[in-house]
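Participant: Before I ask anything, let me first share the structure, which is written out below as structure tokens.
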Amino acid sequence: MDSELMAIIGIVAVAENLAIGKGGKLPWHYPADLKHFKQTTTGNAIVMGSNTWRSIGKPLSNRLNIVLSRRAQLDSDDNLLFLRNVSEAADLSKFLSGDLYVIGGAHIYEAFAPLIDSWIVTEIPERIENADVFMPANYLESFQLADAEELDGGLVVRRYERMS
Ligand SMILES: NC(=O)c1ccc[n+]([C@@H]2O[C@H](COP(=O)([O-])OP(=O)(O)OC[C@H]3O[C@@H](n4cnc5c(N)ncnc54)[C@H](OP(=O)(O)O)[C@@H]3O)[C@@H](O)[C@H]2O)c1
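The numbering used here applies: residue 21 is where the sequence shown begins, and numbers increase by one.
The following block contains the structure:
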């Protein structure tokens, strides 16, 4: 284990109007972004809120899945762990061999905001009408652009590092 290399990374796909969710789901389907998400997070740990957990419906393979909930949940399993607060997840992340990816939704991004070292943001080239979950306008204000990458289908992913 090398805890020095562990980072807490927010990963999100955001529409032009800052929408990230609608009706408990992602309001779009971009296979290239799903592939990018899988490639980026595989082999690491992911932490999500219970709404996002319900939306995904099963643990994602080859990753430790951490679900935050203040209520009783299912029993934890091999790659599935239910925790009750951010500090339990942050404490655990110190013992992980990989990084901890904060995968949403909005409540979890907000709860982890002070701990996030970098953001990986897929820019969705759409405005989503009647969305019900949004990123705050200032979520990148303490971060600077580190690099950008184009995915299949013309989607752009930007990585932002926290300014020291
Ligand atoms: N575009 C993207 O990249 C992206 C990524 C992820 C999700 N989404 C979308 O976002 C929406 C879901 O987001 P959301 O904000 O409604 O829900 P969420 O953040 O996924 O889950 C919220 C729930 O997590 C638990 N929780 C939140 N903060 C906590 C804390 N500090 N400690 C312990 N538990 C905590 C609570 O569960 P209990 O009520 O069980 O206590 C809370 O009700 C969906 O539409 C989803 O598809 C989009």
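C-beta atoms are modelled at their ideal positions from N, C-alpha and C, and glycine is treated no differently.
Can we count Arg104 as close to ligand 1, meaning its CB is less than 7 Å from some heavy atom?
Facilitator: Yes, the beta carbon of Arg104 sits closer than 7 Å to at least one heavy atom of ligand 1.
Participant: Can you tell me the Cα-Cα spacing of Glu170 and Asp53, whole angstroms?
Facilitator: Each residue's alpha carbon lies about 10 Å from the other.
Participant: Counting pairs of Cβ atoms below 8 Å between the stretch 118 to 126 and the stretch 59 to 69, do you hit three or more?
Facilitator: Taking 8 Å as the limit for Cβ pairs, the verdict is that the stretch 59 to 69 does touch the stretch 118 to 126.
Participant: Taking only three categories from DSSP, how would you classify Asp172?
Facilitator: In the structure shown, Asp172 sits in a helix (DSSP, three-state: H, G or I).
Participant: From the DSSP output, in three-state form, read off Met21 for me.
Facilitator: With a pLDDT of 44 at Met21, under the threshold of 50, the predicted position of this residue should be treated as unreliable, and no value is reported.
Participant: Starting from Phe57, follow the alpha helix (DSSP H) in both directions and report where the run begins and ends.
Facilitator: Per DSSP, Phe57 belongs to the alpha helix (DSSP H) from 51 to 61.
Participant: Give the straight-line distance between the Cα atoms of Glu36 and Ala131, rounded to the nearest whole angstrom.
Facilitator: Distance between the alpha carbons of Glu36 and Ala131 is about 23 Å.
Participant: Specify, as a first and last residue, the run of the alpha helix (DSSP H) that Leu160 falls within.
Facilitator: Premise fails: Leu160 is in no alpha helix (DSSP H) and is neither H nor E.
Participant: So, helix, strand or coil for Leu165, using DSSP?
Facilitator: If DSSP states are grouped into helix, strand and coil, Leu165 belongs with the strands.
Participant: Kindly identify the DSSP beta-bridge partner or partners of Arg178.
Facilitator: Looking at the DSSP assignment, Arg178 forms a beta bridge with Val141, Ala168.
Participant: Give the range of the beta strand (DSSP E) segment to which Ala27 is assigned.
Facilitator: No beta strand (DSSP E) holds Ala27; DSSP gives it neither H nor E.
Participant: Mind checking Ala33: buried by the 16 CB within 10 Å criterion, or exposed?
Facilitator: Burial call: buried.
Participant: Would you list, in sequence order, the uninterrupted beta strand (DSSP E) runs of no fewer than 3 residues that lie entirely inside the stretch 95 to 132?
Facilitator: Runs found: 100 to 103, 120 to 122.
Participant: For ligand 1, I want to know if Met26 counts as a neighbour, meaning its beta carbon is within less than 7 Å of at least one of the ligand's heavy atoms.
Facilitator: No, since every heavy atom of ligand 1 falls outside the 7 Å radius drawn around the Cβ of Met26.
Participant: When DSSP labels each residue in this structure, what does Asn71 get in the three-state scheme?
Facilitator: Looking at Asn71 - three-state DSSP - the assignment turns out to be helix.
Participant: So what's Ile40 in DSSP terms, helix, strand or just coil?
Facilitator: Ile40 falls in the strand class under three-state DSSP.
Participant: Compute the Euclidean distance between the alpha carbons of Leu38 and Asp97, then round it to the nearest angstrom.
Facilitator: Whole-angstrom Cα-Cα distance: 34 Å.
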